[in-house]
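To start, the structure under review is shown below, and the notes come after it.
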Amino acid sequence: MNSHLLNNQDSESVKSDEELVTLTLTKSDYFADLIDRYREPLTRYLRRRANISWEELEDLLQEIFIKAYLNLNDFDRHLKFSSWIYRIAHNQSVDQWRKTKSQPTELIDPAGNFWSLLADEFDLEQEANQREGAEKIRSLVAQLPSAYRDVLTLRFLEDKDYQEIADILEKPPGTVATLLNRAKPKLRQLWIKANKKNYE
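Given below as structure tokens:
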């Protein structure tokens, strides 16, 4: 990071995303602050969406930030910047997997939070062993169509509200709600099938 950014670290840390976008349009150095702010969240999001190698992940992140920078003039101020860059990340990852004709589907959730959240939300019987429960739920979610996986990941792992998910996926909020509502019985059905003995 250059001296300008080091000398202004404290003041930069409190600037909003939108302020940094405006500053970047006049001085490109400021984009480094947006990269620093979103590298970790986007890394986590992409890893949660699919089990890809770190090399693939780094290449994908580079493409995402380059595309965001080159299109900064077109940033829609009606959106949150976070929703806008997550949209780019989502679309770039889809494009990448389309090119390779293979989309990894194993969700990554080292802390097992996805399992706990979905178990509570969808009224799934809790496993005594949380790690085993997390493994089961990841496996079952991977069997769902990508549209369901996308909304589940954004809602329960990224903690995005319906409007943010709608902005990221470029779908109406009503469609997002419908997808989540449809995912619920499908996931529960898969869960019951996988744990048949517990429901007999």
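Numbered per this note's numbering, the sequence shown spans residues 142 to 341. All C-beta atoms, glycine included, are put in the ideal place defined by N, C-alpha and C. Keep in mind that this is a model prediction, so the values were computed, not measured.
Rounded C-beta distance between residue i and residue j? I'm assuming under 8 Å.
{"i": "L328", "j": "V292", "result": "Not confirmed; about 12 Å, so no contact."}
{"i": "Y303", "j": "A318", "result": "6 Å"}
Nearest-angstrom Cα distance between residue i and residue j?
{"i": "K325", "j": "S223", "result": "27 Å"}
{"i": "W332", "j": "S287", "result": "18 Å"}
{"i": "I226", "j": "I278", "result": "28 Å"}
{"i": "L201", "j": "H231", "result": "10 Å"}
{"i": "K334", "j": "V155", "result": "49 Å"}
{"i": "Q330", "j": "L198", "result": "33 Å"}
{"i": "L220", "j": "K337", "result": "45 Å"}
{"i": "D236", "j": "E204", "result": "11 Å"}
{"i": "S234", "j": "L164", "result": "28 Å"}
{"i": "R239", "j": "E160", "result": "34 Å"}
{"i": "A269", "j": "I207", "result": "Residue placement at A269 cannot be trusted, given a pLDDT of 46 that sits under 50; the coordinates are not used to answer."}
{"i": "E153", "j": "Y179", "result": "Confidence is the limiting factor: at E153 the pLDDT is only 46, short of 50, which leaves the residue's position unreliable, though a coordinate-based value still follows. Answer to the nearest angstrom: the Cα atoms are 14 Å apart."}
{"i": "T294", "j": "T167", "result": "35 Å"}
{"i": "P313", "j": "A307", "result": "6 Å"}
{"i": "D215", "j": "E276", "result": "41 Å"}
{"i": "Y289", "j": "R323", "result": "8 Å"}
{"i": "D158", "j": "D300", "result": "18 Å"}
{"i": "W311", "j": "L211", "result": "The sequence shown places Glu at residue 311, not Trp. Rounded to the nearest angstrom, the two C-alpha atoms are 20 Å apart."}
How far does the alpha helix (DSSP H) with residue i in it reach, from first residue to last?
{"i": "N322", "result": "314-335"}
{"i": "P182", "result": "172-190"}
{"i": "L166", "result": "158-167"}
{"i": "S283", "result": "A small correction: the amino acid at residue 283 is Ala; Ser does not occupy that position in the sequence shown. Careful: A283 lies outside any alpha helix (DSSP H) and carries neither H nor E."}
{"i": "R299", "result": "The sequence shown places Glu at residue 299, not Arg. Here E299 belongs to no alpha helix (DSSP H), and DSSP marks it neither H nor E."}
{"i": "S194", "result": "That residue, S194, is in no alpha helix (DSSP H); it is neither H nor E in DSSP."}
{"i": "R218", "result": "Per DSSP, R218 belongs to no alpha helix (DSSP H) and is neither H nor E."}
{"i": "L295", "result": "Taken as a continuous stretch (DSSP letters only), L295 belongs to no alpha helix (DSSP H), as it is neither H nor E."}
- Task: Could you tell me whether the segment 162-175 touches the segment 187-195, using the rule of 3 or more Cβ pairs below 8 Å?
- Result: no
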